[in-house]
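Novice: Sharing a structure with you now.
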Amino acid sequence: MAQSSLDALLKGSSGRNTRGLLRILILCTIAAAAVSSRLFSVIRFESIIHEFDPWFNFRATKYLVQNGFYSFWDWFDDRTWHPLGRVTGGTLYPGLMVTSGVIYHILRFLTIPVDIRNVCVLLAPGFSGLTALAMYLLTGEMAPSPSAGLLAAAFIGIVPGYISRSVAGSYDNEAIAIFLLVFTFFLWIKAIKNGSIMWGALTALFYGYMVSAWGGYVFITNLIPLHVFVLLCMGRYSSRMYISYTTWYALGTLGSMQIPFVGFLPIRNSDHMSALGVFGLIQLVAFADFIRSFLPGKQFQKLLTYMVFLTFGLAFTGLIALSATGVIAPWSGRFYSLWDTNYAKIHIPIIASVSEHQPTAWPAFFFDLNFLIWLFPAGVFVCFQKLKDEHVFVVIYSVLASYFAGVMVRLMLTLTPIVCVAAALALSCILDNFLVMSTPKGAAQAKANGNESKSLRSGRNPLVGIYSYFSKAVVTGSVTIYLLMFVAHCTWVTSNAYSSPSVVLASRLPDGSQFIIDDYREAYYWLRQNTPDNAKIMSWWDYGYQIGGMADRPTLVDNNTWNNTHIATVGKAMSSREEVSYPILRQHDVDYVLVVFGGLLGYSGDDLNKFLWMVRISEGIWPDEVSERAFFTARGEYRVDDQATPTMRNSLMYKLSYHNYQSLFPPGQAMDRVRGSKLPTETPQLNTLEEAFTSENWIIRIYKVKDLDNFGRDHSNAVAFDKGLKKKRAAKKRGPPILRTE
Amino acid sequence: MRFSTAAVLGLLVPGLSAMSVIPIQLELPVDFKPPQVFKNTNLVRNTNLEKGYVRETVNVVVENVDKQPQTDYYIPFPAEVFERVGGFEARDKNAVDKGRLAVDTTEVDSLSGKQYYVVHFPEPLAPKSQITLGISYSLLSSLNPRPATIQQSDKQYLSYSFSAYVPSVYKTETQKTKIKFPGINVPEIAQTSGLKSGSDPERKGSTWTYGPYNTAKVAPGTEYPLTVRYEFTNPVITASLLERDLEVSHWGGNLATEERYWLRNNGSQLAKQFNRVEWTFSAYQQLPSSALRELAYPLRPGSVDPYFIDDIGNVSTSRYRPGTSKKPANLELRPRYPVFGGWNYSFRVGWNNNLASFLRVAQAPNSYVLKVPFLEGPKVPEGIQYERVFVRVILPEGAHNVNFQIVEGSTTNGLPDRKQIFYTITGFKTYLDTLGRTTLNLDVDSLTDEARDSELVITYEYSTWDALRKPITIFAGVLSAFFAAWAIGKIDVSIKQR
């Protein structure tokens, strides 16, 4: 009875409904798992915005919510990049802020008293649930069996490569962009399969959304044309392709140009030229195709082909000419660094100084993708076996994304979706074959007739199938173990590697209880509460966004890094002697200087460890004033102790880091726990700045820039006088420092 | 759309109407002089400087020298001091249990620049008869740190200026002033000359006494300025604003409290900048400091889920010691950084309580009585002064006939007369409300932590229909959403021939 009632549920039209319901339930469970596995940091710490960039996005969202959309669009921010300011409304991707603003206003309309911070913190986990759904749809287009889609959705839901950018609090553009990326690709596949204007237009719509959300949209802009180009080369031109591509390109380009930051880039920038080129090419191919259907002559066809190639060649030369004359903007530096990993290090140190722009280490692939990385090639192989239009897409995507992920750590994010698709295809292929309990019927017959048909071997119709329960059990069992290990690995990685807000540091006390080091917020809140509202804070650019978001004070440079010279100026001020730095500080109205110092606690991400980048970046602008070599000892070591070079010991950064630090220790025993070296007995002498605040564990040190001396002395004389030292002879003194003129 | 729904539903509820009451100040004629109908036979002023604000208690025997029975006794303050007078209260010393006497305030008298408290006697004072008044109030922000800037681990000194003659509009026969200092270290104490034989003031422990003086011949309003300076190596904690929300939920059986503080230390500022090394050593040795290091906040027994956050998130440097049913819970708040003189620190704390211990069902149908603390706040030995306190009691949606009163006992509760409390009743929309919750807003200036134990009693009516309004609204909303979806799904928009 039970058997038959189960049959009634699983067969026929009600069986279809049951399976549909099951699929929806599974998808909902996957989405719930995706969301909840991203909540480690909220549970462990609190609902807080993480790291650096998210603080800017959060601040911008607050501005949007408070001032409305139009003033957000026109936002000129005079509290960053002092004294230049930043045209923030025109230099950001507004998609993220607008999305959370819309969610916020909907909830407020329903009078749910949600805080904008919580909307921002939980946006990324929420969208990861949607990504799982989009992934199901995309993979469903690749394979007839829905199990592939479900597997892919489960993979993308918990794979660390995606979690790394979408934990709760990681309020960055990628939070929504990966969903948009996957969904746009799904719509594109749908469009090219059906040749439908509707799907093409939907692709363009989501492409426009993607453009508004993340700079990585260029990946779509280049991948779709490449897909079409490869299909054309394979001789698979069809009117479906023409319809979907032209619809997407026309609408999508118009849509993308609505974003002020993108503006006319789609027709002026080299990064976008491939889409335009393929658009032209497809017109020619369509025209040729059209003409060919009317003209039978062979020579004529040849002529036509030559014509097509000629036109294409002419267009290409024109493109090069336009690029050379500068009508079309040359490739951006970040783009070059994709092809030559040393390019950035030589030409643009500021790009190279960001850790996520470094080339990927091999273990990172396994760390971020676990067993998917070795299923990935198998999945690509499965695609080659079928090789329909959509499978070509998977192959192209895999090749490109693998390369990019190898070049830059952060591009692991774009690789992850296709790895999930391919791995799910491979795994579902295995499972679909090995999970079938019943032996194929033909086999039984063949065995039954075994004795009779002893005729020609070739005459037998061999039945390919898996009969042995043992092999089925072994394969299924090992796949299950891999899957379980994958879940364990993902949970472990998420919990240990990707769930730290990095604003709050956690450590363990000897008894195992958690101890929270909250120095960043201590110092930022001190700034927020006890300094004038427009006190300018100078710090290295890493902390710019956090100071803007948490301390709410104007900064000189921040993580936007749009002006290399300004950053180099800060670098110069940090790496020069006080006599050189002080005029720079005065010229930029700096009131406070903030440095991060981990020496007491052994916190290695401090400014002295980043110092060489400051030196390098400023050396790029002032090669004769700042020299990286002078910071290394004769033996080429980077030292901070007695052996440190005079340039090092006189640099502002060194003085600010170690000022007064020695008095915390018994004489002669001051230790720097990060660099593991004993410090000089004498504390560095600061003349032009004074310590204003130091956080509890010394991680943040804030110095106030002294005003000009009342008696017109220079500060070193004034300090010497206050200390009761004899005035130095005027003859030995060098001339008073003159304000630097550019 | 939302507005019209609210309006329609509004018809179904009796009487939720916003109302507000502004404290009235009595108008004075242009050439106002308080009628000289009384004399102060004997006056003793006790000035308490143990905390970060001044607490004064004036006991005065008043005699009617007029021929008519009199009821109104005027107490003057300069207009700029008047704003900082907190918790003003007058009692008949012989009938303390009858509670405080009715008090009014006047507007500024433009000629003398004074502003008056007018004490109304419960029954007119017959000629020649006497009444003993006990007047108490606190003076906020009247202590000045001198020197104004000190080194980080120096002692802090406050100075206080006052008049040897207690300001009064009536003739005073004898008077004296006792000043209680926080300790015996009083480096500067003004000496008087010619007011009294013998040395003046006289010291007894940490209390100094000026007087008694015979001032029958001294014209009312004469001043004899004195200044004292004493050690107070404690933070002078001032809350420029305290917002306090009490949210009542009948469904959840919960009373949620949230307080938002804007604190400032009014003590001496740092002469140099903050020095972390010095602070680490002095904190290690537990030396007294003018910096605010920690606030102890006792909570009612049964308080749960406390939080301590500020503008940028959770403050991890706090501890909560939950109490038992009898022992109060204790929330130890440590600001992110030590708050030195002139520094600010704003934060919010909140917690939940079981509503049952605050709410009673009254005799009348559907009516409830809520008794909640008017002010809680940290309990520190140096005291806290609140420049402005804004209490908001959020009652359930649909509560009406709201009345409130403040519990009076035989001793002062630190609050001013009810007439000086500005209150409004408004609506507050949250959590899918349609009408908004009835909210009682109380706004008081110049309080001190003496008002910690004061209690507020609120009566209101709340029917079953009010309680069911929200579930029904949500049900109707979801139903209409489904219906709309169904109706839209029925529309055929395909482009084909029919």
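Residue numbers (my numbering), protein chains in the order written: chain A, 878 to 1619; chain H, -18 to 479. C-beta: ideal position from N, C-alpha, C; glycine also.
#1: Anyone know if the C-beta pair for serine 1416(A) and glycine 1448(A) falls short of 8 angstroms?
#2: Let me see if you follow: with CB-CB separation under 8 angstroms, is glutamate 1051(A) close to chain H or not?
#3: Would you kindly work out how many angstroms separate the C-alpha atoms of glutamine 250(H) and arginine 315(H), rounded to a whole number?
#4: Going by DSSP in three states, alanine 310(H) sits in which element: helix, strand or coil?
#5: Have a look at tyrosine 1126(A) and isoleucine 1120(A) and give me their C-alpha separation to the nearest angstrom.
#6: Work out the CA separation of alanine 1445(A) and arginine 1463(A) for me, nearest whole Å.
#7: Between aspartate 426(H) and the rest of its own chain, which residues show a CB-CB distance below 6 angstroms, the 5 nearest in sequence each way excluded?
#8: Hey, valine 1381(A) and isoleucine 1040(A) are a contact pair by Cβ (cut 8 angstroms); roughly how many whole angstroms apart?
#9: Check for me: the alpha helix (DSSP H) holding methionine 1012(A) runs from which residue to which?
#10: So aspartate 1217(A) contacts chain H; which residues on that side make the cut at Cβ distance below 9 angstroms?
#11: Give the residues of chain H in contact with glutamine 1406(A), contact being defined as C-beta atoms less than 8 angstroms apart.
#12: Opposite glutamate 239(H) in the DSSP bridges: which residues?
#13: Could you give the residue range of the beta strand (DSSP E) that holds threonine 419(H)?
#14: Any idea what DSSP makes of lysine 161(H), helix, strand or coil?
#15: Between the alpha carbons of proline 319(H) and glycine 1482(A), how many angstroms are there, rounded?
#16: Ignore the nearest five residues each way along the sequence and tell me which others in isoleucine 472(H)'s own chain have a CB closer than 8 angstroms to its CB.
#17: State the Cα-Cα distance for the pair phenylalanine 464(H) and threonine 445(H), rounded to the nearest angstrom.
#18: Within 10 Å of its beta-carbon, does asparagine 1328(A) have 16 or more other beta-carbons around it, so buried, or fewer, so exposed?
#19: Under 9 angstroms, CB to CB, which of the residues in the segment 1016 to 1045 of chain A have a partner in chain H?
#20: Going straight from the alpha carbon of aspartate 90(H) to that of valine 150(H), what length do you get?
#21: Which partner residues does aspartate 90(H) have in the DSSP bridge list?
#22: With distances taken Cα to Cα, identify the nearest neighbour of isoleucine 69(H) among Asn21(H), Phe102(H), Leu120(H).
#23: What does valine 229(H) reach in chain A if we use C-beta pairs closer than 9 angstroms?
#24: Please confirm whether valine 330(H) has its beta-carbon closer than 8 angstroms to some beta-carbon of chain A.
#25: Given a cut-off of 8 angstroms on the beta-carbon distance, is the pair leucine 1566(A) and glutamine 1539(A) in contact?
#26: What whole-angstrom Cβ distance do isoleucine 406(H) and valine 383(H) have, given they're in contact under 8 angstroms?
#27: Give the interface partners of alanine 1569(A) over in chain H, defined as CB-CB distance under 8 angstroms, in chain order.
#28: Glutamine 1406(A): buried (16+ other C-beta within 10 angstroms of its C-beta) or exposed?
#29: At a cut of 8 angstroms, does the segment 999 to 1010 of chain A reach the segment 1265 to 1272 of chain A through at least three beta carbon pairs?
#30: Is the Cβ-Cβ distance between leucine 1249(A) and alanine 1300(A) less than 8 angstroms?
#31: Counting C-beta neighbours from all protein chains within 10 Å, is the total for lysine 14(H) 16 or more, i.e. buried, or is it exposed?
#32: Using a Cβ-Cβ cut-off of less than 9 angstroms, list which residues of the segment 980 to 991 of chain A approach chain H; keep chain order.
#33: Under 8 angstroms, CB to CB, which of the residues in the segment 444 to 464 of chain H have a partner in chain A?
#34: Buried or exposed for phenylalanine 1177(A), going by 16 or more other Cβ atoms inside 10 Å?
#35: Closer than 7 angstroms between beta carbons: that is the criterion. Which residues of the segment 1382 to 1403 of chain A meet it against chain H?
#36: If you draw a straight line from the C-alpha of alanine 1320(A) to the C-alpha of serine 1348(A), how long is it?
Specialist: A quick look at the data gives this:
#1: Contact: no.
#2: False, the Cβ-Cβ gap to chain H never drops below 8 angstroms.
#3: If you take the alpha carbons of glutamine 250(H) and arginine 315(H), they lie about 20 angstroms apart.
#4: Strand.
#5: Rounded to whole angstroms, tyrosine 1126(A) to isoleucine 1120(A) spans 10 angstroms at the Cα level.
#6: Rounded to the nearest whole angstrom, the CA to CA distance from arginine 1463(A) to alanine 1445(A) is 16 angstroms.
#7: Result list for aspartate 426(H): Arg369, in chain order.
#8: Wrong, their Cβ atoms sit about 19 angstroms apart, outside the cutoff.
#9: Boundaries of the alpha helix (DSSP H) around methionine 1012(A): 993 to 1019.
#10: Ordered by position in chain H, no residue passes the 9 angstroms Cβ test against aspartate 1217(A), which lies about 41 angstroms from the chain.
#11: Under the 8 angstroms cutoff, chain H gives Trp324, Asn325, Tyr326, Ser327.
#12: Bridge partners of glutamate 239(H): Asp226(H), Gly331(H).
#13: Here the beta strand (DSSP E) through threonine 419(H) covers 418 to 429.
#14: DSSP places lysine 161(H) in strand when its eight states are reduced to three.
#15: Within the model, the alpha-carbon separation for proline 319(H) versus glycine 1482(A) is close to 26 angstroms.
#16: Closer than 8 angstroms at Cβ, skipping near neighbours: no residue.
#17: Approximately 28 angstroms between the Cα atoms of the pair.
#18: Low per-residue confidence applies at asparagine 1328(A): pLDDT is 49, beneath 50, and the placement is therefore not dependable enough to give any value.
#19: Using a CB distance below 9 angstroms, no part of the segment 1016 to 1045 of chain A faces chain H.
#20: Computed Cα separation, rounded: 13 angstroms.
#21: Answer is Lys95(H), bridged to aspartate 90(H).
#22: Note that residue 69(H) is phenylalanine in the sequence shown, not isoleucine. Residue Leu120(H) is the option with its Cα nearest to phenylalanine 69(H).
#23: At a beta-carbon threshold of 9 angstroms, none of the residues of chain A lie near valine 229(H); the nearest stands roughly 16 angstroms away.
#24: The beta carbon of valine 330(H) sits no closer than 8 angstroms to any beta carbon of chain A.
#25: The answer is no: Cβ separation not under 8 angstroms.
#26: With a contact defined as Cβ atoms closer than 8 angstroms, isoleucine 406(H) and valine 383(H) qualify at about 6 angstroms.
#27: Ordered by position in chain H, the residues that pass the 8 angstroms Cβ test against alanine 1569(A) are Gln254, Phe255.
#28: With 16 or more other Cβ atoms within 10 Å, it is buried.
#29: The segment 999 to 1010 of chain A and the segment 1265 to 1272 of chain A do not touch, with fewer than 3 CB-CB distances between them shorter than 8 angstroms.
#30: In this structure, alanine 1300(A) lies closer than 8 angstroms to leucine 1249(A) by Cβ.
#31: By the C-beta density criterion, lysine 14(H) is exposed, having fewer than 16 other C-beta atoms within 10 angstroms.
#32: Listed in sequence order: Phe986, Leu987, Thr988, Ile989, Pro990.
#33: Residues passing the 8 angstroms Cβ filter: none.
#34: With a threshold of 16 other beta carbon atoms within 10 Å, phenylalanine 1177(A) falls short and is exposed.
#35: Correct list: Ile1393, Asp1395, Arg1398, Glu1399, Tyr1401, Tyr1402, Trp1403.
#36: Residue placement at alanine 1320(A) is flagged as unreliable, the pLDDT there being 49, under the threshold of 50; a coordinate-derived value is accordingly withheld.
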